[in-house]
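2 protein chains.
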Amino acid sequence: MAQQSEQLDGIFQALADPTRRAVLGRLGRGPASISDLAKPFDMALPSFMKHIHFLEGSGLIQTRKEGRVRTCAIDKQRFAAIETWLSEQRALWEGRTDRLEQFVLKTQDKETQK
Amino acid sequence: MAQQSEQLDGIFQALADPTRRAVLGRLGRGPASISDLAKPFDMALPSFMKHIHFLEGSGLIQTRKEGRVRTCAIDKQRFAAIETWLSEQRALWEGRTDRLEQFVLKTQDKETQK
DNA sequence: ATGATACTTAGCCTTATGGCTCAGCAATCA
DNA sequence: TGATTGCTGAGCCATAAGGCTAAGTATCAT
Chain X
1 MAQQSEQLDG IFQALADPTR RAVLGRLGRG PASISDLAKP FDMALPSFMK
51 HIHFLEGSGL IQTRKEGRVR TCAIDKQRFA AIETWLSEQR ALWEGRTDRL
101 EQFVLKTQDK ETQK
Chain Z
1 MAQQSEQLDG IFQALADPTR RAVLGRLGRG PASISDLAKP FDMALPSFMK
51 HIHFLEGSGL IQTRKEGRVR TCAIDKQRFA AIETWLSEQR ALWEGRTDRL
101 EQFVLKTQDK ETQK
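Chains as they are written, first to last, in the numbering used here: chain X, 1 to 114; chain Z, 1 to 114.
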């Protein structure tokens with residue numbers, strides 16, 4: 001449970017950056033090398049590498065070096081953790097009145113007063 | 001598109017913190033005041049407030065002040081953005097060989113050499 | 001054997017994050 | 001009216017994030 005939470009920390013943090021999401025988008029179409037992945041981004045390679053390391057640390061991708069080329073690929077299993085969390089969250093909503101809070105928030109026309 | 005990306009930045013960043021995920025878990029069971037929400041956490045109120053503001057900024061919750069009490073509630077719609085992104089990501093995987101990358105990564109027993 | 005390629009390491013810089021305290025301020029309660 | 005409750009604002013602090021450059025190492029090609 002606790003370790004699951006830390007895992008989610010890393011996963012969501014990894015997803016919170018547009019560069020990293022774009023990398024995942026590219027890897028969704030198949031494995032690629034670091035330099036191939038880096039090409040679309042106007043960023044120094046070491047900066048880009050930090051994103052790769054972050055993604056690998058979160059478990060969302062795996063990498064493997066062969067010769068001088070490091071190949072990256074998505075680890076689909078890790079995405080299941082996101083789905084699980086979302087399901088748990090949604091499970092809470094269901095079987096609940098569900099009219100109340102929309103009412104609570106909408107009646108006073110968005111007047112989020114100080 | 002671009003603004004969607006920034007929206008996702010905020011949403012995922014908001015989810016990347018255990019306190020904030022716990023707050024969402026609590027709010028999943030229904031609206032609550034700031035001080036009720038803060039009770040379980042061993043944290044000064046202003047610190048806790050930052051999390052609430054972050055959540056509100058991301059759109060995952062909405063708040064409304066009545067008298068001296070501010071009530072918070074989940075905005076379920078925002079969660080759809082996460083599902084959408086996940087679906088898009090999964091759409092990329094599907095209709096693809098799908099054996100290749102697992103092979104690429106698993107053959108060399110995890111020897112992620114330097 | 002040289003040179004180019006593909007990372008990798010180290011370190012610097014700026015901004016953001018997540019915690020704190022101390023001091024308000026407005027709404028209720030006694 | 002005075003005290004308590006429930007936030008709110010300002011500002012400090014330490015660490016992490018995300019960018020950079022410069023220099024290094026290991027392959028691979030010639």
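Beta carbons are placed, not taken as given, at the ideal position from N, Cα and C, and that holds for glycine.
- Task: Could you pull the start and end residues of the beta strand (DSSP E) that Arg29 of chain X belongs to?
- Result: Counting along the chain, Arg29 of chain X falls outside any beta strand (DSSP E), and DSSP gives it neither H nor E.
- With 8 Å set as the bound, which would you pick, yes or no: does the beta-carbon of Phe48 of chain X sit closer than that to a beta-carbon of chain Z? no
- Message: Please identify the residue among Z:Glu94, Z:Gly28, Z:Ser33, Z:Leu8 whose C-alpha is closest to the C-alpha of Trp85 of chain X.
- Response: It is Z:Gly28 whose Cα lies nearest to the Cα of Trp85 of chain X.
- At 4 residues or longer, and completely inside the segment 51-83 of chain Z: list those alpha helix (DSSP H) runs for me, N to C. none
- Message: For Phe88 of chain X and Arg68 of chain X, I'd like the C-alpha separation in whole angstroms.
- Response: The question names Phe, but residue 88 of chain X in the sequence shown is Glu. Approximately 43 Å between the Cα atoms of the pair.
- Are Asp17 of chain Z and Pro18 of chain X touching if we call contact CB-CB under 8 Å? no
- Going by the CB atoms, is the gap between Cys72 of chain X and Leu15 of chain X shorter than 8 Å? no
- Would you call the CB atoms of Ile52 of chain X and Ile34 of chain X closer than 8 Å? yes
- Item | CB-CB length for Arg78 of chain X against Ile11 of chain X, believed under 8 Å | 7 Å
- Contact set between Ile115 of chain X and chain Z, taken where Cβ atoms lie within less than 7 Å: What is shown of chain X runs 1 to 114, which leaves residue 115 of chain X out entirely.
- Task: For Leu60 of chain Z, count neighbouring C-beta atoms within 10 Å of its own C-beta (all shown protein chains included) and say buried if the count is 16 or more, exposed if not.
- Result: buried
- Which residues, in order along the segment 18-43 of chain X, keep a beta-carbon less than 8 Å from a beta-carbon of chain Z? Pro18, Arg21, Leu24, Gly25, Gly28, Arg29, Gly30, Pro31
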